[in-house]
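Number of protein chains: 2
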Amino acid sequence: MTDAHVGLAGQLARLPQRQVLSDDVYETVKGLIMDSVVEPGTRLNIDALTRELGISQTPIRESLARLESDGLVIKEPLRGYRVSSRLTRDEFDDLFEYRLHIEPWAAGRAAERSGADDLARLKAEMLSYTDVPDRPSYESYRAMAAHDQRFHDLVLELAGNETARLSFQRTHCHLHLFRLYYGGGIATKALREHKAVVTAVRKGDPEEAAAAMRSHIEASRARLRPIFDKSDPS
Amino acid sequence: MTDAHVGLAGQLARLPQRQVLSDDVYETVKGLIMDSVVEPGTRLNIDALTRELGISQTPIRESLARLESDGLVIKEPLRGYRVSSRLTRDEFDDLFEYRLHIEPWAAGRAAERSGADDLARLKAEMLSYTDVPDRPSYESYRAMAAHDQRFHDLVLELAGNETARLSFQRTHCHLHLFRLYYGGGIATKALREHKAVVTAVRKGDPEEAAAAMRSHIEASRARLRPIFDKSDPS
DNA sequence: TCCTCCAAGATCCTATAGGATATTGCGTAC
DNA sequence: GTACGCAATATCCTATAGGATCTTGGAGGA
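Taken in order, these protein sequences are the chains called G and P.
The numbers in the numbering used here rise by one with no breaks, and the one at position 18 of the first sequence is 78.
The numbers in the numbering used here rise by one with no breaks, and the one at position 198 of the second sequence is 258.
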């Protein structure tokens with residue numbers, strides 16, 4: 061509401077947005093964790109990071125503080141930071157239970173509220189990732205992961221509740237799930253399920269949208285759950 | 061699960077917990093914001109904070125980075141930090157819509173899952189704040205606010221879904237609501253509504269628990285909403 | 001063989017100084 | 001009277017150095 065009057069100056073000033081080292085470091089370390097370059101439990105040495113990145117401690121400390129707030133690293137006072145552990149089976153179940161509670165509801169809200177602009181954005185997002193390569197590669201996996209994250213975030217945004225959206229974003233669910241497993245063959249199915257959600261939203265049918273989203277999340281859970289059954293016997 | 065085997069040494073080592081300046085600063089600034097000592101929009105000058113608190117910049121910068129991650133302050137690169145604005149009417153509505161979606165569900169889950177230990181904890185929390193003073197004071201308001209926050213957090217914990225609990229905590233809803241309004245006369249009603257939730261949880265009746273929580277949140281919304289109708293004409 | 005103690009090393013935490021950037025006020029030109 | 005440009009100030013951002021703490025390795029004694 062206040063942003064509605066910023067005008068041209070405000071928009072130009074927003075172009076460079078945030079050109080601070082802290083943010084670059086934040087994204088860099090986040091990428092390292094997401095791509096499993098650093099394994100869970102790895103100690104993140106501040107001095108080592110200053111040498112490797114060629115910058116001072118301050119921006120690194122700020123980044124790590126934010127990453128801790130996100131739950132991606134853990135701070136042990138006077139000992140240092142460690143990369144937080146991967147999802148346990150319990151946490152995995154919790155996460156999907158939470159998603160099954162939030163996302164179908166959000167999809168239903170999106171179906172009720174979406175106007176022409178919103179539908180256009182959905183369509184654009186769907187078109188942004190159409191090419192499913194024959195053989196799975198790391199690059200295509202990352203592209204699919206990014207698209208999946210944007211899609212689910214967009215549904216939350218279209219639901220029109222910023223609190224719910226932020227709350228969902230802060231679970232960093234996609235990041236945690238991507239850390240879990242990196243492999244091909246799931247893109248095609250997920251895309252088809254996404255399309256079912258979009259179709260329902262376009263029709264403006266809340267119940268169908270919610271049902272489609274529920275099916276998608278349950279299918280996603282079923283695809284990922286075997287990871288635990290073969291690795292974590294608890 | 062891993063913590064189950066730490067033994068005495070681990071527990072003793074945990075006693076001092078976190079004795080770092082950053083955390084003290086974090087709690088201090090958080091308190092300043094919550095108690096409306098610093099108004100929304102106020103610039104938080106790092107240099108000034110170093111002088112007032114008598115410490116160096118580093119812990120302050122870490123605290124502010126975490127507070128920004130929490131959404132309590134806003135960082136404007138090369139300009140400084142500002143205290144984020146109070147809830148708008150739209151954000152207020154979003155927040156309560158979100159709570160109405162999450163908390164009754166959590167109360168129902170708590171009713172299904174709670175064992176004797178859990179019920180004892182609920183009872184203890186209820187007993188921790190029984191005295192409603194005749195005339196509302198700032199102290200009693202703070203006590204009631206803290207109890208209210210603990211109560212709702214406990215319900216989320218008893219629901220047995222850590223993801224949902226963290227996600228809910230990170231809305232900082234109580235903090236934002238307390239910033240909104242400071243006045244007496246709501247404690248008695250809120251306590252009575254809390255008791256209704258507890259009664260249903262003790263009976264192990266999910267639907268009654270969910271209904272009681274829903275009533276409580278709706279009543280809470282009705283108590284707070286007039287603030288907007290008289291101040292914010294949007 | 002095991003335990004205790006001590007010292008060296010590494011790491012984090014804090015403090016201070018210098019460079020870069022944005023804001024503010026004033027003077028000048030139109 | 002208004003608008004533009006420039007300089008001074010304040011603030012943030014970065015870098016480096018010193019103090020405090022924890023961990024690790026080995027030596028001595030029971």
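Beta carbons: idealized from backbone N, C-alpha and C, even for Gly.
Here the structure is a predicted model, which means the values were calculated and not measured.
Taking only runs that begin and end inside the segment 228–258 of chain P, name each unbroken beta strand (DSSP E) of 3 or more residues, in chain order.
none
Count the other CB atoms, across all protein chains shown, that sit within 10 Å of the CB of Asn221 (chain P); report buried if there are 16 or more and exposed otherwise.
Counting Cβ neighbours within 10 Å, Asn221 (chain P) comes out buried, since at least 16 surround it.
Along the segment 100–130 of chain P, where does the CB come closer than 7 Å to a CB of chain G? Name the residues.
Thr118, Arg121, Glu122, Ala125, Arg126, Ser129 and Asp130
Using the rule of at least 16 other Cβ atoms within 10 Å of the residue's Cβ for burial, across every protein chain shown, is Glu87 (chain G) buried or exposed?
exposed
Taking C-beta to C-beta, are Ser145 (chain G) and Val89 (chain G) nearer than 9 Å?
no
Terminal residues of the alpha helix (DSSP H) in which Ile277 (chain G) lies
Pro266 to Leu284
Anything in the segment 132–154 of chain G with a Cβ closer than 7 Å to a Cβ of chain P? List those residues in chain order, please.
Pro137, Glu151 and Asp154
Taking C-beta to C-beta, are Leu218 (chain P) and Arg169 (chain P) nearer than 9 Å?
yes
Segment contact flag, the segment 268–288 of chain G with the segment 146–163 of chain G, C-beta cutoff 8 Å, min 3 pairs:
yes
Cβ shell of Glu136 (chain P) (< 8 Å), same chain only, five flanking positions each side left out
Arg142
Which of the three DSSP states is assigned to Tyr141 (chain P) in this structure?
strand
Since Leu104 (chain G) sits in a beta bridge, which residues does DSSP pair it with?
G:Tyr141
Taking Cβ-Cβ distances shorter than 8 Å, what residues in chain G pair up with Thr231 (chain P)?
Thr223, Leu226 and Ser227
Is any beta-carbon of chain P found at less than 9 Å from that of His161 (chain G)?
Judged by the 9 Å Cβ criterion, His161 (chain G) is in contact with chain P.
Under a CB-based cut-off of 9 Å, is Ser82 (chain G) close to chain P?
yes
Cutoff 9 Å: Glu157 (chain P) Cβ touching any chain G Cβ
True, the Cβ-Cβ gap to chain G drops below 9 Å.
Have a look at G:Met204, G:Ile120 and G:Leu251 and flag the residue whose alpha-carbon is nearest the alpha-carbon of Gly140 (chain G).
It is G:Ile120 whose Cα lies nearest to the Cα of Gly140 (chain G).
Quick check on the DSSP output: the alpha helix (DSSP H) that includes Glu136 (chain P) runs from which residue to which?
That residue, Glu136 (chain P), is in no alpha helix (DSSP H); its beta strand (DSSP E) goes Val133 to Glu136.
When the distance is taken between beta carbons, is Asp154 (chain G) closer than 9 Å to Thr223 (chain P)?
yes
Once you ignore the five residues that flank Gln229 (chain G) on each side, which residues in its own chain have a CB closer than 7 Å to its CB?
Asp213
Closest residue to Phe238 (chain G) among G:Asp95, G:Val85 and G:Asp83 (Cα-Cα distance)
G:Asp95
When you compare the CB positions of Ala205 (chain P) and His234 (chain P), do they come within less than 9 Å of one another, or not?
yes
I'd like the list of long-range same chain contacts for Asp289 (chain G), defined as Cβ closer than 7 Å, with 5 residues on each side in sequence excluded.
In the same chain as Asp289 (chain G), and ignoring 5 residues on each side of it, no C-beta atom comes closer than 7 Å to its own.
If we count the other Cβ atoms within 10 Å of its Cβ and call it buried at 16 or more, is Ser116 (chain G) buried or exposed?
exposed
Can you grab the Cα-Cα spacing for the pair His232 (chain P) / His254 (chain P), in whole Å?
19 Å
Closer than 9 Å to chain P by CB, Gly220 (chain G)
yes
In terms of residue numbering, what span does the alpha helix (DSSP H) encompassing Arg121 (chain P) cover?
Run containing Arg121 (chain P): Gln117 to Asp130, per the alpha helix (DSSP H) assignment.
Sort G:Arg111, G:Arg210, G:Ala250 and G:Ala108 by Cα distance to Ala184 (chain G) and report the nearest one.
G:Arg210
Go ahead and pull the three-state DSSP assignment for Tyr189 (chain P).
coil
Which of helix, strand or coil DSSP assigns to Gly91 (chain G)
Secondary structure of Gly91 (chain G) (DSSP, three-state): helix.
What are the boundary residues of the alpha helix (DSSP H) that includes Leu160 (chain G)?
Arg149 to Arg173
Sorted by chain position, which residues of the same chain lie with C-beta nearer than 7 Å to Leu226 (chain G)'s C-beta, five sequence neighbours on each side aside?
none
Applying the 10 Å Cβ sphere with the 16-neighbour rule, what's the burial state of Val85 (chain G)?
buried
From G:Arg173, G:Tyr198 and G:Met186, pick the residue whose C-alpha is nearest to that of Lys263 (chain G); which is it?
G:Arg173
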